[in-house]
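Have a look at the structure below before the remarks.
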Amino acid sequence: MDRAFALELSRFGPQHPVPSLSLTQARTYCSRLARRHYENFTVASLLLPRRLLRHFHHVYAYCRWADDLADEAGGGAEALALLGWWREELRRCYDGRPRHPVMIALRETIQRFHIPAQPFLELLLAFEQDQTVKRYPTYEQLLGYCRYSANPVGHLVLYLCEAYDAGRAALADHICTALQLANFWQDVARDLDIGRVYLPEEDRQRFGYTDEDLQGRRYTPAFVALMRFEVDRTRALFQRGLPLLEQVRPEVRLDIELFLRGGLAILGKIEGCRYQVWQKRPALAKWEKAALLAGALGRRVWAALA
């Protein structure tokens, strides 16, 4: 287990008395957690309206704890038990009896933006599924996983932006699912290291990429064709979500655009290395992230002057 998270678990976990914290202390805890873990918050802090930033930190802290409980606690039955405890802490939060610092802060956000429990609970379902499901026979089953692992995040963002409705949620689902898939294609090697395979079995069979090829990490014409197919399909999902940008307020539009274009850029990096993701993980350099930010800012300035 990561030493930093082990310390957090010893302070605020289920086996230890939770110290009584004020709302101000809980807010500070979440903000420190977000800034410590999430590299993109450096940019987000510059772009998000100040009134929204702490609420994004509260939501991120909830997700961070859930992720660590699933991945850092040893997995399996122990992880499932800890995720069950986290679900109970969320229930206490909605019942008006929060005790964990994340839940104390999150209750403020839930009340301010009228956020239902469903997206928070769906994220936990994804983390629980990770403990038992390591492969996906079909693309539809993989999309079913994304419904819980990725799409609730988009719904939470829409609630925080006070822009949630069914139409915008559907557009956000396209973007969030595409972001999740782009991450899968970027991390094929990393995921195999921990026994997870997100390339659907039906797609591997379609292109003739066998399980032996997969386990041997073979870079073959079949693998190139398979990855090209997945990247193209994921790009189409991003394109389907693009109209969301014009349906949210300008003050948050830039953040959403950066995530969308960042995902598209990752797909471009995968294509740029000719889908050879076995040897080196394709990732954006700092200058490429800066270029995305500059481009997005430039488009907004140009639109304002037009």
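Under our numbering, residues 152 to 457 are what the sequence shown spells out, in order.
Glycine is no exception: its CB is placed at the ideal position from the N, C-alpha and C atoms.
For E159, which three-state DSSP category applies?
Translated into positions along the sequence shown, residue 159 becomes position 8. E159 falls in the helix class under three-state DSSP.
Could you tell me whether the Cβ atoms of C312 and V399 are closer together than 9 Å?
Within the sequence shown, the letter at position 161 stands for residue 312. Within the sequence shown, the letter at position 248 stands for residue 399. For C312 and V399, yes; Cβs fall inside 9 Å.
Over the uninterrupted alpha helix (DSSP H) stretch that includes P303, give me the two end residues.
Residue 303 sits at position 152 when you count from the first residue of the sequence shown. Residues 302-311.
What three-state label does DSSP hand R368 in the structure shown?
Working through the sequence shown from its first residue, we reach residue 368 at position 217. It is coil, neither helix nor strand.
Given a threshold of 16 other Cβ atoms within 10 Å of its Cβ, counted over all protein chains shown, does D316 qualify as buried or as exposed?
Within the sequence shown, the letter at position 165 stands for residue 316. Counting Cβ neighbours within 10 Å, D316 comes out exposed, since fewer than 16 surround it.
What ranges does the beta strand (DSSP E) occupy inside the region 240-295, keeping only unbroken runs of at least 3 residues that lie completely in it?
none
Tell me the DSSP secondary structure of V428 in three-state form.
Within the sequence shown, numbered from 1, the residue matching residue 428 stands at position 277. Coil.
Helix, strand or coil: how does DSSP classify V348 here?
Indexing the sequence shown from 1 puts residue 348 at position 197. Of the three classes helix, strand and coil, the one that applies to V348 here is strand, per DSSP.
Do the region 207-222 and the region 243-262 make contact, defined as three or more Cβ pairs closer than 8 Å?
yes
Using 8 Å for Cβ pairs, my map puts R286 next to V348. What's the rounded Cβ distance?
On the sequence shown, position 135 is the one that residue 286 refers to. On the sequence shown, position 197 is the one that residue 348 refers to. Between V348 and R286 the Cβ distance is about 5 Å, and since that is below 8 Å, they are a contact.
If distances are taken between C-alpha atoms only, which option among P165, H188, Q176, S173 comes closest to A155?
Indexing the sequence shown from 1 puts residue 155 at position 4. It is H188 whose Cα lies nearest to the Cα of A155.
In terms of residue numbering, what span does the alpha helix (DSSP H) encompassing G331 cover?
What you label residue 331 is simply residue 180 of the sequence shown in a count that begins at 1. At residue 331 the sequence reads Gln, which differs from the Gly that was named. Counting along the chain, the alpha helix (DSSP H) containing Q331 begins and ends at 317-337.
Taking V253 as the reference, give the member of N334, L409, A177 with the closest Cα.
On the sequence shown, residue 253 is found 102 positions in, with the first residue counted as 1. Closest by alpha carbon: A177.
Hey, would you say A329 sits closer than 9 Å to G414, going by beta carbons?
By 1-based counting over the sequence shown, the position of residue 329 is 178. By 1-based counting over the sequence shown, the position of residue 414 is 263. Contact: yes.
Could you name the residues of the same chain whose beta carbon sits closer than 7 Å to that of C327, not counting the 5 residues immediately before and after it, in chain order?
Working through the sequence shown from its first residue, we reach residue 327 at position 176. So the list reads A301, N302, V304, G305, once near-sequence residues are dropped.
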